[in-house]
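Residue numbers (our numbering): 42 to 232.
Backbone N, C-alpha and C define an ideal beta-carbon position, used for all residues, glycine too.
Written below as structure tokens is the structure these notes are about.
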């Protein structure tokens, strides 16, 4: 691995930790440089602006999300089990000591109105997750609207868990998802 690639990965990891813990706007590039242990000149060689760095962090978070959902559903045999695994993934994440809500929603709240690049990165992640759920709903043979309902449950669970700190939010969302899935399967597609 080249020094530039290593520096880039260290900067993204450091920025991710700092942005998630303290918020994007409260963290300056100098703090990222210090946390990453990379000279400021090399940081700016890798990322021309803070927006570029925020987008790289969000892309990293998106890959991390996808990997986490994939791990949670690795043992699932059916589309129903894979759909419910999303909520199992959320449950583990919500119980982690550093959980501070959805990094995408947090970044959008801070920068979405002033940074088209950040807004686009957030939308791309949310659309990708919705497509993942929609594909599983199609595999399940349920009506298309179920996908949007399950995504709303997952998104709402993230916000509720972050604000309330309650440790049962993902379990509650999972039980609601089971009801929705089972009702949709009974109705059949297009019913």
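How should residue 82 be labelled, buried or exposed, when 16 other C-beta atoms within 10 angstroms of its C-beta is the threshold for buried?
Its Cβ having fewer than 16 others within 10 Å, residue 82 is exposed.
Tell me, to the nearest whole angstrom, how far the beta carbon of residue 96 is from that of residue 52; I am working on the premise that it is less than 8 Å.
The beta carbons of residue 96 and residue 52 sit about 13 Å from each other, so the pair does not count as a contact at 8 Å.
For my contact list, residue 121 and residue 194 are in at a C-beta cut-off of 8 Å; report their separation, rounded to the angstrom.
Not confirmed; about 15 Å, so no contact.
Should residue 232 go down as buried or exposed, given a rule of 16 or more other Cβ atoms within 10 Å for buried?
Reliability of the predicted coordinates at residue 232 is poor, the pLDDT of 47 falling under 50, and the value obtained from them is presented with this limitation in mind. Of the residues assessed, residue 232 falls on the exposed side of the cut-off, its CB having fewer than 16 other CB atoms within 10 angstroms.
Could you give the distance in angstroms between the alpha-carbon of residue 143 and the alpha-carbon of residue 219?
Roughly 23 Å separates the two Cα atoms.
Helix, strand or coil, according to DSSP, for residue 112 in the structure here?
For residue 112, the three-state secondary structure derived from DSSP is helix.
Using CA atoms only, rank isn't needed, just tell me which of 199, 126, 209, 101 is closest to residue 236.
No information on residue 236 is available, as it lies outside the stretch 42 to 232 that the chain covers here.
Inter-residue Cα distance where the pair is residue 228 and residue 155:
One C-alpha to the other measures close to 44 Å.
Count the C-beta pairs between the region 123-140 and the region 203-216 that are closer than 8 Å, then say yes if the count reaches three, no if not.
Short answer: they touch.
For the alpha helix (DSSP H) containing residue 209, name the first residue and the last one.
Neither: residue 209 is in no alpha helix (DSSP H) and is coded neither H nor E.
Continuous alpha helix (DSSP H) stretch holding residue 132: start and end
From DSSP, the alpha helix (DSSP H) with residue 132 extends over 120-135.
Contacting residues, own chain, Cβ-Cβ under 6 Å from residue 202 (five flanking each side not counted)
Apart from sequence neighbours up to five positions away, the residues of its chain that approach residue 202 with a beta-carbon distance below 6 Å are 135, 210, ordered along the chain.
Helix or strand or just coil, what does DSSP make of residue 76?
Three-state DSSP puts residue 76 in a helix.
If you check the beta carbons only, do residue 159 and residue 148 fall under 8 Å apart?
In this structure, residue 148 lies closer than 8 Å to residue 159 by Cβ.
Is DSSP giving residue 60 helix, strand or coil here?
Residue 60 falls in the helix class under three-state DSSP.
List the whole-angstrom C-beta distance separating residue 127 from residue 145, where the pair is believed to meet the contact cut-off of C-beta under 8 Å.
Contact between residue 127 and residue 145 does not hold, since the beta-carbon distance rounds to 15 Å and is not under 8 Å.
Quick check on the DSSP output: what are the complete beta strand (DSSP E) runs of length 3 or more inside the region 150-202, in order along the chain?
If one requires a minimum length of 3 residues, no beta strand (DSSP E) run lies completely within the region 150-202.
To which residues of the same chain is residue 165 closer than 7 Å at the C-beta, ignoring the five residues directly before and after it?
Excluding positions up to five away in sequence, the list is empty.
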